[in-house]
Amino acid sequence: MKTRFTILILLLATTLTATSCDKDDDNNYRPNEKVIGTFNSKYPDAQHVEWEIKNNYNVAEFRNNGIKTETWINSSGIWYMTESDIPFESLPEAVKTSFNASEYAQWRKEDVDKVERADMETIYVIEVEQGNQEMDLYYTEDGNLFKAVPDNDSDNYLPTSLPEEIKNFINQTYDNAPIIDMEIELGFIEVEIWDNNRKKEVIFAAKDNKWQLTTWEIRENEVPADILNLIRSRYADYLIDDIDYEERANGTNVYLFELEKGKEELQVVVDSEGNIL
């Protein structure tokens, strides 16, 4: 689905810069006791632990029950994220079933990550390759594929923290719908949720955390007949590529049609009264 906002899991960065106290001996760095206390509480059986600083977070790389793991904790001892490099067989059954039934089932599996983040649902990312193509497939724990993007060979995950106002809005408006991703871009905070068995993008202004709009992809049979007939008659030479439904803070709800005619693309916006905007 095409939207006005690029759906990526990177937050406010395109590269990850890591520093340590001594490049010749990273094991010399040890964070404060609050950080150590949080880490030991979450991972009492951790082995081969090495610490470094990334983006002002204390990051531990270690083995957890034999699994290569990386966890991010701030200097106040607050945990933000853990990434685990797991085997495909360790995925939840729902994720494996969904993947094996997908168009990517015959692609070669390169890597599987389990990503846990504060205030968000656990997600699973399967990196697959076929020929010169590499894709990252993002799944919810229930096996829903909510994003498929080309792999760019970079560190894709950064810890995130949602403002309380945004969390409260989502919990109240969408009945505690699971939060699966977020991004800050172009002055907006885009939060992806899983609501009523579909992904929705909830957009807030970054300056004041005020809700701006919510958008999600819909099928043709979900569009009122009069609006669909209007598009088909007015743009008879075009094919309907995608349809998004958008709820706006000003009370206007609209349908966004992405139309194609050969190489030509056209976006048409129609309000709920059937007016082309």
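Count the sequence shown with mature numbering (1 follows the signal peptide of the UniProt record, and there is no 0) and you get residues -20 to -1, 1 to 257, in order.
By construction, the Cβ of each residue, glycine as well, lies at the ideal position given by its N, Cα and C atoms.
Just so it is clear, the structure is predicted and the values come from calculations on it, not from any experiment.
Roughly how many angstroms lie between the CA atoms of I66 and E107, to the nearest whole one? Each residue's Cα considered, the two are about 12 Å apart.
Determine, using beta-carbon pairs with one atom in the segment 166 to 179 and one in the segment 214 to 221, whether at least three such pairs fall under 8 Å. no
Which residues share a DSSP beta bridge with P130? In the DSSP output, where bridge partners are listed per residue, P130 has M115.
Quick check: the Cα distance between D5 and E30, rounded to an integer number of angstroms? For D5, the pLDDT reaches just 36, beneath the cut-off of 50, and the residue's location in the model is therefore unreliable, although a value from the coordinates is still provided. About 10 Å.
Rounded distance between the beta-carbons of V95 and E63, thought under 8 Å: 5 Å
In chain order, what are the residue ranges of uninterrupted beta strand (DSSP E) at least 3 long that sit wholly in the segment 139 to 207? Here the runs fully enclosed are 159 to 165, 168 to 175, 178 to 185, 191 to 197.
Could you tell me if the beta carbon of N209 falls within a distance shorter than 7 Å of some heavy atom in the ligand NAP? The ligand NAP is not among the ligands present in this structure, which contains no ligands whatsoever.
Should N44 go down as buried or exposed, given a rule of 16 or more other Cβ atoms within 10 Å for buried? buried
Limits of the beta strand (DSSP E) - the one that N233 falls within: 233 to 241
Relative to the alpha-carbon of E244, which residue among Y215, I159, L210, F42 has its alpha-carbon at the smallest distance? Y215
Going by CA-CA distance only, name the one from T120, E90, T77 that's closest to Y104. Of the candidates T120, E90, T77, the residue whose Cα lies closest to the Cα of Y104 is T120.
Taking the Cβ atom as the reference point for each residue, do Q192 and A185 lie within a distance shorter than 8 Å? yes
When you compare the CB of S70 with every CB in chain C, is at least one pair closer than 8 Å? Reference to chain C is not applicable here, since this structure consists of a single protein chain.
Out of E226, R178, D93, E165, state which residue places its alpha-carbon closest to the alpha-carbon of T49. D93
Report yes if the CB atom of M162 is closer than 8 Å to the CB atom of L138, and no otherwise. no
Spatial neighbours of K89 in its chain, beta-carbon cut-off 7 Å, leaving aside the 5 residues before and after: F68, I106, V108
Near A128, which residues of its chain fall below 6 Å by C-beta distance, leaving aside the five closest residues on each side in sequence? M115, L117
CA nearest to the CA of A74, picked from N124, G57, F149, S82: N124
Please state if the CB of T18 and the CB of W52 are separated by a distance shorter than 8 Å. no
Does DSSP put A74 in a helix, in a strand, or in coil? helix
Environment of R212 [buried if 16+ CB atoms lie within 10 Å]: exposed
Mark N36 as exposed unless 16 or more other C-beta atoms lie within 10 angstroms of its C-beta, in which case mark it buried. exposed
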